[in-house]
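Numbering (mature numbering (1 follows the signal peptide of the UniProt record, and there is no 0)), first residue to last: -22 to -1, 1 to 49.
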């Protein structure tokens, strides 16, 4: 009886594997797409250019010493 259950389960699993289909890989289709590293590099370049164009106001004066009421 245990042998029958084993072979039945094995057959069901085998049948389910044979009926399933895999989707085609788009990476091997011949079309070159941007990789994640290239996308990240482009975003970083844009952010650095934007950061360089921002003018910061440096007229702020720092306090002369530690503030005893701060903590």
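All residues carry an ideal CB built from backbone N, CA and C; glycine is no exception.
Could you give the DSSP three-state label for residue 20: helix, strand or coil?
In the structure shown, residue 20 adopts helical secondary structure according to DSSP, grouped into three states.
Please report the distance separating the alpha-carbon of residue 44 from that of residue 37.
So the two alpha carbons sit approximately 20 Å from each other.
Just to confirm the assignment, what range does the alpha helix (DSSP H) spanning residue -10 have?
Taken as a continuous stretch (DSSP letters only), the alpha helix (DSSP H) holding residue -10 covers -21 to -4.
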